[in-house]
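Participant:
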Amino acid sequence: MTGRFKFFLNMGLALSLLALLSFYNPAAARPVKILAMGTSLTQGYGLPPGTEFTTQLQAALKGEGIDADIVNAGVSGDTSSGGLSRLAWSLADHPDAAIIELGSNDMLRGVPPSVTEKNLRTILSTLQKDNIPVLLTGMHAQRNLGADYVKEFDGIYPRLAKDYPVIFYPFILDGVALNPKLNQADGMHPNPAGVKVIVARILPDVKKLVAQAAKNKR
18 MTGRFKFFLN
28 MGLALSLLAL
38 LSFYNPAAAR
48 PVKILAMGTS
58 LTQGYGLPPG
68 TEFTTQLQAA
78 LKGEGIDADI
88 VNAGVSGDTS
98 SGGLSRLAWS
108 LADHPDAAII
118 ELGSNDMLRG
128 VPPSVTEKNL
138 RTILSTLQKD
148 NIPVLLTGMH
158 AQRNLGADYV
168 KEFDGIYPRL
178 AKDYPVIFYP
188 FILDGVALNP
198 KLNQADGMHP
208 NPAGVKVIVA
218 RILPDVKKLV
228 AQAAKNKR
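Under the numbering used here, read the sequence shown as residues 18 to 235, first letter to last.
#1: List the whole-angstrom C-beta distance separating A178 from F170, where the pair is believed to meet the contact cut-off of C-beta under 8 Å.
#2: Out of L195, R47, Q60, state which residue places its alpha-carbon closest to the alpha-carbon of L119.
#3: What is the DSSP secondary structure of V216, counted as helix, strand or coil?
#4: Can you tell me the Cβ-Cβ gap for L58 and G100, rounded? I've got them flagged as a contact below 8 Å.
#5: Roughly how many angstroms lie between the CA atoms of L125 and F188, to the nearest whole one?
#6: State the start and end residues of the unbroken beta strand (DSSP E) segment that holds E118.
#7: Which residue marks the beginning of the beta strand (DSSP E) containing F185, and which one marks its end?
#8: Taking C-beta to C-beta, are T17 and L104 nearer than 8 Å?
#9: What is the rounded straight-line gap between the Cα of D95 and the Cα of L153?
#10: What does a CB cutoff of less than 8 Å around I184 pick up in its chain, not counting 5 residues either side in sequence?
#11: Mapping DSSP to helix, strand and coil, what is N208?
#12: Can you have a look at H111 and say buried or exposed, based on whether 16 or more other CB atoms are within 10 angstroms of its CB?
#13: Give every residue of the same chain whose Cβ lies closer than 8 Å to the Cβ of G172, excluding the five residues on either side of it in the sequence, and list them in chain order.
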């Protein structure tokens with residue numbers, strides 16, 4: 018084998034290796050990391066291990082061929098103020114996307130809707146500044162809180178969805194609320210079957226969220 022032939026052979030191998038490396042994207046190779054920040058509905062209050070929202074959602078994504086790592090940042094009883102206070106700590110792990118499920122405990126405690134909206138706006142502004150795509154889940158006020166409160170509270174989430182570039186899921190308990198077969202004995206928290214319904218209904222929007230996160234990672 019001549020020296021010139023060896024040179025061109027080695028050059029060809031080197032170029033082939035570079036071509037292969039150009040198609041390898043380490044950011045795309047790792048799972049998309051999703052921060053799920055919320056209340057007991059996210060945390061999995063009263064549920065057997067492995068049946069909570071984040072676990073079922075991660076499994077559903079895997080079933081769709083999507084490799085995701087969903088961080089359960091749900092805290093039972095948390096308000097929007099609590100979520101805001103722990104936002105910086107939650108973002109320290111550098112998530113690629115976020116699901117925000119906050120406000121239900123504000124409503125149950127009678128927190129003024131203006132306070133809830135202000136907290137959520139600060140959270141969404143922070144995530145937008147950090148270029149983190151968001152899936153915002155809404156909540157409906159209990160009807161016995163009075164027409165004025167219901168109107169003010171229910172208007173929070175559509176306004177936020179209009180003002181921020183979020184994916185909006187209007188009601189986290191859609192298809193589950195007030196159904197005894199899908200809720201625990203307290204009538205407020207979904208049972209494993211109820212969580213399964215929530216995951217099935219929200220999955221298309223979560224897939225959109227993953228697509229946005231993947232686009233940002235390129």
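Glycine included, each C-beta is placed from N, C-alpha and C at the ideal position.
Facilitator: To lay it out plainly:
#1: Locating residue 178 in the sequence shown gives position 161, counting from the first residue. Locating residue 170 in the sequence shown gives position 153, counting from the first residue. No, A178 and F170 are not in contact; Cβ-Cβ is about 15 Å, not under 8 Å.
#2: Position 102 of the sequence shown, counted from the first residue, corresponds to residue 119. Taking only the C-alpha atoms, the option nearest L119 is Q60.
#3: Here residue 216 corresponds to residue number 199 of the sequence shown, with the count starting at 1. Correct three-state label for V216: helix.
#4: Position 41 of the sequence shown, counted from the start, is the residue given in the question as residue 58. Position 83 of the sequence shown, counted from the start, is the residue given in the question as residue 100. Not quite, the Cβ-Cβ distance comes to about 13 Å (not below 8 Å), so this is no contact.
#5: As a position in the sequence shown, residue 125 is number 108, starting the count at 1. As a position in the sequence shown, residue 188 is number 171, starting the count at 1. In a straight line, the C-alpha of L125 is about 16 Å away from that of F188.
#6: In the sequence shown, counting from the first residue as 1, residue 118 sits at position 101. Note, E118: beta strand (DSSP E), 114 to 118.
#7: On the sequence shown, residue 185 is found 168 positions in, with the first residue counted as 1. Segment 184 to 186, the beta strand (DSSP E) holding F185.
#8: What is shown of the chain runs 18 to 235, which leaves residue 17 out entirely.
#9: Numbered from its first residue, the sequence shown carries residue 95 at position 78. Numbered from its first residue, the sequence shown carries residue 153 at position 136. Approximately 16 Å, taken between the alpha carbons.
#10: For the purposes of this step, residue 184 is taken as the residue at position 167 of the sequence shown. Excluding residues within five positions, the ones whose Cβ falls inside 8 Å are P150, V151, L152, L153, D222, K225, L226, Q229.
#11: In the sequence shown, counting from the first residue as 1, residue 208 sits at position 191. Looking at N208 - three-state DSSP - the assignment turns out to be coil, as it is neither helix nor strand.
#12: As a first step, residue 111 is located in the sequence shown; it is residue number 94 there, counting from the start. The residue in question, H111, is exposed, as its Cβ has fewer than 16 Cβ neighbours within 10 Å.
#13: Position 155 of the sequence shown holds residue 172. For G172, where only same-chain residues beyond five positions count, the Cβ hits under 8 Å are P130.
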